[in-house]
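Residue numbers (our numbering), protein chains in the order written: chain V, 2 to 147; chain F, 2 to 147.
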């Protein structure tokens with residue numbers, strides 16, 4: 002099992018970051034505009050991109066502290082993996098410790114997803130700090146795989 | 002042992018990407034302006050940033066194909082780790098498969114470095130495609146750890 006790990010800092014309160022992770026409007030502002038579903042614990046969120054998408058079951062949502070999803074539909078490599086956002090305050094930042102855990106193999110698609118997650122987490126930071134993220138379909142193009 | 006993995010695509014030839022990985026001017030254009038040393042196999046490259054830096058021994062340099070470094074000086078977590086750039090052509094892109102291999106533990110600093118590597122690899126892409134990268138000290142700030 003291998004994991005993707007990231008760390009960003011957002012100059013905003015943990016509550017502001019938490020809201021961007023637990024509301025359909027917030028999520029649509031940084032990951033993909035085509036987002037819907039139920040962001041409450043036990044609910045399923047539906048994220049769609051031009052080539053496909055992901056359904057996430059919300060396993061945990063602790064205000065200002067943590068959000069955990071399980072991938073319940075999507076590409077085979079993602080099925081059953083978990084995505085965690087841990088929040089903490091440090092200096093003037095809310096630190097987001099991100100992990101996408103449980104990949105079976107370090108395949109080329111995992112390399113791609115690691116880099117894409119970085120650009121989407123920067124989109125989350127930009128959304129909260131400036132009011133404007135870069136969600137799909139306006140996301141940063143990193144390669145032929147988009 | 003845990004690894005950082007990334008994948009980007011650069012719309013340029015493998016030779017152009019290789020040059021940006023194996024010349025002091027190329028490296029200074031996307032990672033840190035304070036770069037010097039010997040980029041040939043067996044040589045040591047010296048990369049400096051405001052808070053410190055890294056010395057890399059060049060283990061492999063296959064034109065248009067691969068570059069491998071070993072960290073011989075720098076932060077304790079980096080010592081002995083290896084950094085690989087594998088190049089291949091796909092569509093109109095040179096794909097860079099990047100790995101930073103051999104971290105002992107998935108510490109918070111590794112989360113940070115994963116996200117920073119993504120921004121530096123986008124800097125490499127921008128340097129080659131537009132002539133302008135974002136090397137330190139003008140690199141993208143991602144958090145309180147810079």
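Cβ atoms here follow ideal geometry from the backbone N, Cα and C, with glycine treated the same way. Values in this document were obtained by computation on a predicted structure and should not be read as measured data.
> Going by other Cβ atoms of all chains shown within 10 Å of its Cβ, with 16 needed for buried, is residue 111 of chain V buried or exposed?
Replying inline: Taking every protein chain shown into account, the CB of residue 111 of chain V has 16 or more other CB atoms within 10 angstroms, so this residue is buried.
> Name the chain F residues that come within less than 7 Å of residue 144 of chain V, Cβ to Cβ?
Replying inline: Ordered by position in chain F, the residues that pass the 7 Å Cβ test against residue 144 of chain V are 8, 9, 10, 94, 96.
> Which residues in the same chain as residue 100 of chain F place their Cβ atom closer than 7 Å to its Cβ, once the five residues preceding and following it in sequence are excluded?
Replying inline: So the list reads 4, 5, 6, 85, once near-sequence residues are dropped.
> Taking the alpha-carbon positions, what's the residue 12 of chain V to residue 129 of chain V distance?
Replying inline: In this structure, the CA atom of residue 12 of chain V is about 8 Å from the CA atom of residue 129 of chain V.
> Cβ of residue 119 of chain F less than 8 Å from any chain V Cβ?
Replying inline: Contact with chain V is found for residue 119 of chain F, since one of that chain's Cβ atoms lies less than 8 Å from the residue's Cβ.
> On the premise that residue 78 of chain F lies in contact with residue 108 of chain F, defined as a C-beta separation below 8 Å, what is that separation, rounded to the nearest angstrom?
Replying inline: About 6 Å separates the beta carbons of residue 108 of chain F and residue 78 of chain F, which is inside the 8 Å limit, making them a contact pair.
> Residues of chain V with a CB under 7 Å from the CB of residue 113 of chain F: which are they?
Replying inline: Residue 113 of chain F reaches chain V at 8, counting residues in chain order whose Cβ is nearer than 7 Å.
> Does residue 33 of chain V have its Cβ less than 8 Å from a Cβ in chain F?
Replying inline: Not one chain F Cβ lies under 8 Å of residue 33 of chain V.
>> Under DSSP, the beta strand (DSSP E) around residue 123 of chain F begins and ends at which residues?
In response: First-last for residue 123 of chain F: 109 to 131, but that is the alpha helix (DSSP H), not the beta strand (DSSP E).
> What are the partner residues of residue 91 of chain F, as DSSP defines its beta bridges?
Replying inline: DSSP output for residue 91 of chain F lists F:94 as bridge partner(s).
> With 8 Å set as the bound, which would you pick, yes or no: does the beta-carbon of residue 125 of chain V sit closer than that to a beta-carbon of chain F?
Replying inline: Between residue 125 of chain V and chain F, the shortest Cβ-Cβ separation is not below 8 Å.
>> Following a CB-centred definition, is residue 135 of chain F positioned closer than 7 Å to any heavy atom of the ligand GTP?
In response: In the structure shown, the ligand GTP is absent, as is every other ligand, since no ligand is present at all.
> Using 8 Å as the Cβ pair cut-off and three pairs as the minimum, do the region 19 to 33 of chain V and the region 49 to 65 of chain V touch?
Replying inline: A contact exists between the region 19 to 33 of chain V and the region 49 to 65 of chain V.
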